[in-house]
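Under the working numbering, the residues of the sequence shown are numbered 8 to 465, in order.
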Amino acid sequence: MAGYAVLGLWGATGLLYLTTETVHLDSITTGHQDGHQKIRRQETAGAVHNSLADNEYRRNEKTRLPPPGSGISRYDVSYFASNEPIEDRHAEAVLPVPSGYWSLFGVYDGHSGTDTSIWLAENLLPAVTGALADLYSKVNGANSIDLAHQPPPSEVETTLKNTFKRLDDDIVNAPLKTIFSSNSRHAAVTLLAPAYSGSCALLSFYDSQSGLLYTALTGDSRAVLGRPTRDETSNLTGTYTVHALTADQNGWNPSERERLEAEHPDETTVRNGRVMGYGMSRAFGDAVLKWSREVQDRLKREYLGRSPRPDLLTPPYLTAEPVVTTTQILPGDFLILASDGLWEALTNEEAVGLIGLWKDMRSPGADPLPVVPSELPVPQTERDGTVRYRQWGAEKRFVSVDENAATHLLRNALGGADSDLAAALLSMKAPRSRVYRDDITAVVVFFTEDNRRGSAQN
8 MAGYAVLGLW GATGLLYLTT ETVHLDSITT GHQDGHQKIR RQETAGAVHN
58 SLADNEYRRN EKTRLPPPGS GISRYDVSYF ASNEPIEDRH AEAVLPVPSG
108 YWSLFGVYDG HSGTDTSIWL AENLLPAVTG ALADLYSKVN GANSIDLAHQ
158 PPPSEVETTL KNTFKRLDDD IVNAPLKTIF SSNSRHAAVT LLAPAYSGSC
208 ALLSFYDSQS GLLYTALTGD SRAVLGRPTR DETSNLTGTY TVHALTADQN
258 GWNPSERERL EAEHPDETTV RNGRVMGYGM SRAFGDAVLK WSREVQDRLK
308 REYLGRSPRP DLLTPPYLTA EPVVTTTQIL PGDFLILASD GLWEALTNEE
358 AVGLIGLWKD MRSPGADPLP VVPSELPVPQ TERDGTVRYR QWGAEKRFVS
408 VDENAATHLL RNALGGADSD LAAALLSMKA PRSRVYRDDI TAVVVFFTED
458 NRRGSAQN
């Protein structure tokens, strides 16, 4: 508990209570304003489509400007629902610590309901923060308040992995003792709701003192880093390189297939890219693929549980243990975190190129005309394996008209410059909408353009 004591010294204890949607621990807010949402009368149907679409795209956008010294100049958040209610959740926190700031960003892509993603939005960031505080306190001494020493990156990675696994155990297994000691079906249904539902989790942790970004993924959400390129004289070229920080964890991933085959050698766990019928190979919750048959039989008999699957032989089939990467952040880098709904429409290169385009459009005299993917400021080396624009029978044409960078990504993942297609997609209601688009949540984090990172106490 030393870490929580240190958090108390920092005056940050009260900052650990998160809402189910998001938490913002900074003091300056810009972005979406009601006055920007007014629908004006237009003479053409296309213009009306644009105005109505603007309202929908921008309904859930937020922009935050963290404090100086955090190493982050700005971050933008936006989401758009397909399911009713939306199964995605997100959470963000910028925490002052004596050595600088810790910034955490989480995207939780729920499935089979909202219970697990809501639970994660409420609990994952506080748990990770507490575990990191314990680690940093151990490295610096229990009574240290300056955190002058950094733990090895491998220990931070291990801490993130252990915290993810512990929280999944809290979801899946911890309630069983309470339930089996009671006769309450109501208690069982309530306590096990996050276990029967499921969610992916994507979390990034940035330490301003070291400039290191740790990214942990459980599931098939994705994190991509954009980096400005420079010529031999260190001048900016106006283009960006793409750095994938995560790999989708599903049945198409060779390393995931190998892991599952090693853990379940006499079973066929992967068919057509799906793991036991699920789209991802790692997840929180989804206890029907983790509990033993004996546990599920008892839950079925006594507590309104579900019948065990016939092919349930050697559970668990899914794990919540994340794959963690560590990246040294450089001036001008930006981070894109998004649920898989975005990546069904945009490649990594397109997403980075679109943020590059968005940055360019902030310059005076920028041309607002639509662009095609080959005109984005990023090298085109990635094969376009996305599915949505092909499903819609449309060509990709992108546009930059939004002040919020995350909304900019959502717009271009949902029709882009084709206002008629966008209006059609946005007007669909659940359950039909789910055939044509998924829930989408995007977070875009802009790191400072220089190396100035300071103490929160300065």
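Even glycine gets a Cβ: it sits at the ideal position worked out from N, Cα and C.
Quiz item: Taking the Cβ atom as the reference point for each residue, do Gln256 and Met287 lie within a distance shorter than 8 Å?
Solution: yes
Exercise. Please determine, among Leu167, Glu68 and Ser215, the residue with the shortest C-alpha to C-alpha distance to Pro105.
Key: Ser215
Practice problem: Please report the Cβ distance between Gln157 and Ser217, rounded to the nearest whole angstrom; I am assuming they are in contact, meaning their Cβ atoms lie under 8 Å. | Solution: 5 Å
Exercise. Please specify which runs of the alpha helix (DSSP H), each continuous and at least 4 residues long, are wholly inside the stretch 139–206, giving them in chain order.
Key: 160–179, 181–187, 192–198 and 200–203
Quiz item: When DSSP labels each residue in this structure, what does Thr70 get in the three-state scheme?
Solution: strand
Quiz item: CB-CB under 8 Å to Arg237, same chain, minus the five flanking residues each way: which ones, in chain order?
Solution: Leu243 and Thr244
Self-check item: Sub-8 Å separation of Thr354 and Thr393 beta-carbons
Solution: yes
Quiz item: Mapping DSSP to helix, strand and coil, what is His43?
Solution: Caution applies to His43, whose pLDDT of 33 falls short of 50 and renders its modelled position unreliable; the value that the coordinates give is listed next. Helix at His43.
Exercise. With His415 as the anchor, note down where its alpha helix (DSSP H) starts and where it stops.
Key: Ala412 to Ala420
Exercise. Quick one: using the 10 Å Cβ neighbour count with 16 as the cut-off for buried, is Thr455 buried or exposed?
Key: buried
Quiz item: Whose C-beta lies closer than 8 Å to the C-beta of Arg313 among residues of the same chain, with five residues either side of it excluded?
Solution: Tyr203, Val295, Gln303, Leu306 and Lys307
Practice problem: Can you give me the Cβ contacts of Ala373 inside the same chain, cut-off strictly under 7 Å, excluding the 5 residues immediately before and after it? | Solution: Asp367
Quiz item: Considering only the beta carbon of each residue, do Ser346 and Asp95 sit closer than 8 Å?
Solution: yes
Practice problem: With DSSP as the reference, label Asp425 as helix, strand or coil. | Solution: coil
Self-check item: Gly233 versus Gly107, Leu337 and Arg395, residue with shortest Cα-Cα distance
Solution: Leu337
Quiz item: With distances taken from CA atoms, which of Val450, Val452, Leu344 and Leu433 is nearest Tyr443?
Solution: Leu433
Practice problem: Look at the alpha carbon of Ile343 and the alpha carbon of Arg192, and state the distance between them as a whole number of angstroms. | Solution: 42 Å
Quiz prompt | Same chain, Cβ closer than 6 Å to Phe503, five either side skipped, listed in chain order | solution = Nothing about residue 503 can be reported from this structure: the residues present for the chain run from 8 to 465 only.
Exercise. Just tell me which of Leu127, Thr165 and Ser188 has its CA closest to the CA of Ala138.
Key: Thr165
Quiz item: Rounded to a whole number of angstroms, what is the C-alpha to C-alpha distance between Pro323 and Pro375?
Solution: 51 Å
Exercise. Determine, using beta carbons only, whether Pro386 and Leu364 come nearer to each other than 8 Å.
Key: no
Exercise. Look at the alpha carbon of Pro73 and the alpha carbon of Glu270, and state the distance between them as a whole number of angstroms.
Key: 44 Å
Exercise. Check Thr471 in the structure and name its three-state DSSP category.
Key: As shown, the chain starts at 8 and ends at 465. That puts residue 471 outside it, with no answer to give.
Quiz item: For Gln216, which of helix, strand or coil comes out of DSSP?
Solution: coil
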